[in-house]
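Heads up, the thing below is written out as structure tokens.
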Amino acid sequence: MSEYDSSCGPGAGELTLDGSVPVVEITGLWTKYGRTVVHQDLNLEIEQGEIMSIVGGSGTGKTTLVRQMLGLERPARGCVRVFGEDISEIDSDQLQQLRNHWGMLFQQGALYSALTVFDNVAQPMRELRTLPEDLIRDAVLLKMNMVGLGPEHANKMPSDLSGGMVKRVALARALALEPKLLFLDEPTAGLDPDLSEAFVSLIQSLHRELGLTVVMVTHDLDTLFALSTRIAVLAEKHVIALGPLQEVLKVDHPFIKEFFLGDRGRRALEALDATEKPTPTEH
Amino acid sequence: MPTAKEPTLTLNSGAVAATGTWQVHALAQGKAMNAITAMLKPLAGNSLKWDLSAIDSMDHIGAQVFWNAWGKARPADLQLAPGQEEFFNRLETTGKLELPQPRQQRLTIVMKLGFAMLLFFEHMAAFIRLIGQVTLDVGRFIRHPMRGPWKEISSNIFHAGFQALGITALVGFLIGVVLSYLSAQQLRAFGGDVYLVNLLGMSVIRELGPLLAAILVAGRSGSSITAQLGVMRVTEELDAMLVMGISHGFRLIMPKVLALAIAMPLLVIWTDTMALIGGMVSAKIELNLSPQYFIGKLPDAVPLANYLIGLGKGAVFGILIALVSCHFGLRIKPNTESLGRGTTTSVVTAITVVILADAVFAILFNGVGF
Numbered sequence: 000m001s002e003y004d005s006s007c008g009p010g011a012g013e014l015t016l017d018g019s020v021p022v023v024e025i026t027g028l029w030t031k032y033g034r035t036v037v038h039q040d041l042n043l044e045i046e047q048g049e050i051m052s053i054v055g056g057s058g059t060g061k062t063t064l065v066r067q068m069l070g071l072e073r074p075a076r077g078c079v080r081v082f083g084e085d086i087s088e089i090d091s092d093q094l095q096q097l098r099n100h101w102g103m104l105f106q107q108g109a110l111y112s113a114l115t116v117f118d119n120v121a122q123p124m125r126e127l128r129t130l131p132e133d134l135i136r137d138a139v140l141l142k143m144n145m146v147g148l149g150p151e152h153a154n155k156m157p158s159d160l161s162g163g164m165v166k167r168v169a170l171a172r173a174l175a176l177e178p179k180l181l182f183l184d185e186p187t188a189g190l191d192p193d194l195s196e197a198f199v200s201l202i203q204s205l206h207r208e209l210g211l212t213v214v215m216v217t218h219d220l221d222t223l224f225a226l227s228t229r230i231a232v233l234a235e236k237h238v239i240a241l242g243p244l245q246e247v248l249k250v251d252h253p254f255i256k257e258f259f260l261g262d263r264g265r266r267a268l269e270a271l272d273a274t275e276k277p278t279p280t281e282h
Numbered sequence: 000m001p002t003a004k005e006p007t008l009t010l011n012s013g014a015v016a017a018t019g020t021w022q023v024h025a026l027a028q029g030k031a032m033n034a035i036t037a038m039l040k041p042l043a044g045n046s047l048k049w050d051l052s053a054i055d056s057m058d059h060i061g062a063q064v065f066w067n068a069w070g071k072a073r074p075a076d077l078q079l080a081p082g083q084e085e086f087f088n089r090l091e092t093t094g095k096l097e098l099p100q101p102r103q104q105r106l107t108i109v110m111k112l113g114f115a116m117l118l119f120f121e122h123m124a125a126f127i128r129l130i131g132q133v134t135l136d137v138g139r140f141i142r143h144p145m146r147g148p149w150k151e152i153s154s155n156i157f158h159a160g161f162q163a164l165g166i167t168a169l170v171g172f173l174i175g176v177v178l179s180y181l182s183a184q185q186l187r188a189f190g191g192d193v194y195l196v197n198l199l200g201m202s203v204i205r206e207l208g209p210l211l212a213a214i215l216v217a218g219r220s221g222s223s224i225t226a227q228l229g230v231m232r233v234t235e236e237l238d239a240m241l242v243m244g245i246s247h248g249f250r251l252i253m254p255k256v257l258a259l260a261i262a263m264p265l266l267v268i269w270t271d272t273m274a275l276i277g278g279m280v281s282a283k284i285e286l287n288l289s290p291q292y293f294i295g296k297l298p299d300a301v302p303l304a305n306y307l308i309g310l311g312k313g314a315v316f317g318i319l320i321a322l323v324s325c326h327f328g329l330r331i332k333p334n335t336e337s338l339g340r341g342t343t344t345s346v347v348t349a350i351t352v353v354i355l356a357d358a359v360f361a362i363l364f365n366g367v368g369f
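Residue numbers (numbering that gives the first Met the number 0), protein chains in the order written: chain Z, 0 to 282; chain H, 0 to 369.
Right, dumping it as structure tokens:
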């Protein structure tokens, strides 16, 4: 780890969940693959209770950023704090505890193909090793119910499910331990418009109900506009714009012009105005 | 990380008060859950006063603990803090959720046997179809040799043949040493030292060389062929080939079958040589039998027919290994478990089939080459 330079300042103090400390705090982050620099001195803060969308062209390291927040990858330099803890300095017990406080929805679902739907959702609860099985059964069925899956699907295998169902099961599994922080990687990619709309309203209602903080990587403009309270735009190795949709739209940058105000973006914006959805407000 | 207070219950003359953090992480810590279950159990069915307003935070799993203790209905006398209402509302509106019982398989032994037989016949039918397909593809290849998959064949020969030289040499040599050493001890007891060449030459060339090479190739290349086809199924590459009009048989299976049919006899020659060298070294040390004598005696001791039978076995074993591994590779379903099981079955079946075929050879060529 000679290359690693921990530039984390002193800790942000005792962690509380009242929102005084950002849920995720990235400072001075560098990511390099060989000689290619993906992120250069990148800073980002995610506040409690918001839905932060990360957008950017392909190859700008959106998914990498999420993987770094989850501790799956290590930045070349810089500091990633989640719930006030430096992810790369933390010991394994604490990391395990932290892992029980977040959930991740992978792009392809990443369900365990050898386990049934029920067992997939039950897995994180069983890993705690102390919950009684009848409580787990009720809790799993409730989680499945929350994502719109009836008990009749419980005994199916992942290979028997359609794309939309896989995403729902994966979401139920990500929510199994009632995380405070939920990561979504392309939650609506590969879903038809009906399903992705249903998925958006599902995440909205869960966000309201559970008070989640959501970090989302997406290309889907409809999802982006409907869900995000704030948007972080990655380009040129930095966060070039950060804020609610209206503020991001005002930033003068070719990528933003092309991404949000191209034909596709205009259509989505018009649709948004037409339905008179409340413009996302900052928490 | 958020710190959690231990969830506790206090029972006080018909009133239950709960305090602490009723969230899954707090409940899962230490023996908290056991203590709570033990306390709640005797309360079931009693009508009590429940006060949850002192709980500092709660989640669905915490709420579920209460809900189950109440027998899945709201108690008459319940005090909640403002935020807790919605958890119980959700539990109430969701209602009772029953896990459907997985269908019990009630099969008698006879029915199981029947299923096993049907599965066996299905495998046989598919295997025969595969042989037919390969035969047709070979016919097509012979008619238009220039349009054949030469590259695939040569790369398969390289992977299954050339890259197996090291391991077959090592195993062949060691078996030669062991066999020669053990036989020498026995033969010396009868004073028949010179017959070591006959014994070793006959057993290695006719039997052990082809069998050893085949078992190693079945483990090495058989598993890799099955896994390769299986992963191609998982990643939909097989479907992509069909869509482009590229036939699986012609481009994937036939090259493997031909490559093993060519590479295996060559490997048999190689393994034979190594095993005989090992035997020769051992004979020199143990019986002081010179290599010159050993090599000079070999053609007399082992008629040429045995050598040809060995090579023929090699080719047949190679074809069988390739066919069996392709058969199982194509049957893999797109999930991880099927991939693992398919590969194991493929290797085990390939080795069994090779030994079965060896027995058939022994019967067919009974009396030839002695």
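Glycine is no exception: its CB is placed at the ideal position from the N, C-alpha and C atoms.
Span of the beta strand (DSSP E) around residue i
i	result
SER223/H	Note, SER223/H: premise wrong, no beta strand (DSSP E); alpha helix (DSSP H) at 222-233.
MET164/Z	Where MET164/Z is concerned, there is no enclosing beta strand (DSSP E), although the alpha helix (DSSP H) it sits in stretches over 162-173.
ASP55/H	54-57
THR62/Z	Here THR62/Z belongs to no beta strand (DSSP E); instead the alpha helix (DSSP H) covers 61-68.
THR342/H	First-last for THR342/H: 335-363, but that is the alpha helix (DSSP H), not the beta strand (DSSP E).
ILE230/Z	229-234
ASP271/H	No beta strand (DSSP E) contains ASP271/H, which is instead part of the alpha helix (DSSP H) from 253-286.
SER52/Z	50-55
ASN11/H	7-11
Selection from the options that minimises the alpha carbon distance to residue i
i	options	result
ARG263/Z	ASP221/Z, LEU233/Z, LEU241/Z and THR228/Z	ASP221/Z
ARG98/Z	ALA121/Z, PRO21/Z, ASN42/Z and GLY70/Z	GLY70/Z
LEU169/H	HIS158/H, ALA212/H and ILE152/H	ALA212/H
ARG35/Z	ALA270/Z, GLY60/Z, GLN67/Z and GLN47/Z	Here residue 35/Z is Thr; the residue named in the question, Arg, does not match the sequence. Out of ALA270/Z, GLY60/Z, GLN67/Z and GLN47/Z, GLY60/Z has the C-alpha closest to the C-alpha of THR35/Z.
GLN28/H	ASP219/Z, LEU130/Z, VAL165/Z and LEU211/Z	LEU130/Z
LEU129/H	HIS247/H, GLY339/H and ALA274/H	HIS247/H
GLY163/Z	ALA138/Z, PRO192/Z and ASN154/Z	PRO192/Z
LEU286/H	ALA163/H, LEU181/H and ALA361/H	LEU181/H
ASP192/H	PHE364/H, GLY317/H and ILE284/H	ILE284/H
LEU370/H	PRO99/H, GLN100/H and PHE114/H	The requested residue 370/H is not part of the displayed model; chain H covers only 0 to 369.
ASN119/Z	GLN106/Z, HIS152/Z, ASP90/Z and ASP92/Z	HIS152/Z
Beta-carbon spacing of residue i, residue j below 8 Å
i	j	result
GLY368/H	GLY278/H	no
ASP50/H	GLN78/H	yes
LEU104/Z	ALA173/Z	yes
GLY221/H	VAL346/H	yes
VAL339/Z	ALA171/Z	The requested residue 339/Z is not part of the displayed model; chain Z covers only 0 to 282.
LEU271/H	GLY295/H	Here the sequence assigns Asp to residue 271/H, which means Leu is not the residue at that position. No. Outside cutoff.
ASP184/Z	VAL216/Z	yes
HIS59/H	PHE86/H	yes
ARG232/H	PRO148/H	no
VAL196/H	ALA274/H	no
PHE224/Z	VAL54/Z	no
PRO157/Z	LEU98/H	no
ALA68/H	ALA43/H	yes
LEU319/H	VAL280/H	no
SER227/Z	LEU211/Z	no
MET201/H	ASN365/H	no
For residue i, the first and last residue of its enclosing alpha helix (DSSP H)
i	result
TYR292/H	290-300
ASN42/Z	Premise fails: ASN42/Z lies in the beta strand (DSSP E), 35-45, not in any alpha helix (DSSP H).
PHE259/Z	253-260
ARG98/Z	91-98
GLY313/H	303-329
LYS142/Z	132-145
8 Å CB neighbourhood of residue i in its chain, flanking five on each side removed
i	result
ALA240/Z	ILE230, ALA231, VAL232, GLU246, VAL247, VAL250, HIS252 and ILE255
ILE156/H	ALA258, ILE261 and ALA262
Own chain, CB closer than 7 Å to residue i, minus 5 neighbours either side, in chain order
i	result
GLY160/H	ALA262, LEU265 and LEU266
ASP4/Z	Here ASP4/Z scores only 48 on pLDDT, less than 50, and its place in the model is too uncertain to base an answer on.
GLN39/Z	TRP29, LYS236 and HIS237
PRO21/Z	GLU44, ILE45 and GLU46
LEU329/H	LEU228
GLU13/H	For clarity, residue 13/H is Gly in the given sequence; the question names Glu instead. Excluding residues within five positions, the ones whose Cβ falls inside 7 Å are LEU47 and LYS48.
SER52/H	GLN78, LEU79 and ALA80
Check: residue i C-beta below 7 Å from any heavy atom of the ligand ZN
i	result
ARG167/Z	As far as ligands go, the structure on display features none, and thus does not contain the ligand ZN.
Cβ-based neighbour list, residue i, same chain, cut-off 6 Å, excluding 5 preceding and 5 following
i	result
LYS4/H	GLY19 and THR20
LEU10/H	none
GLY18/Z	Note that GLY18/Z scores 48 on pLDDT, short of 50, meaning its location in the model is unreliable; the coordinates nonetheless yield the value given after this. Contacts found: GLN47.
Discussion item. Please give me, in chain order, every unbroken run of the beta strand (DSSP E) with length at least 3 that falls completely inside the stretch 54-84 of chain H.
Written reply: Fully enclosed beta strand (DSSP E) runs of 3 or longer: 54-57 and 76-78.
Practice prompt. Jot down the residue ranges of each uninterrupted alpha helix (DSSP H) in the stretch 134-191 of chain H, minimum 4 residues, whole runs only, in chain order.
Written response: Every alpha helix (DSSP H) of 4 residues or more that sits fully in the stretch 134-191 of chain H is shown, in chain order, as 149-159 and 164-189.
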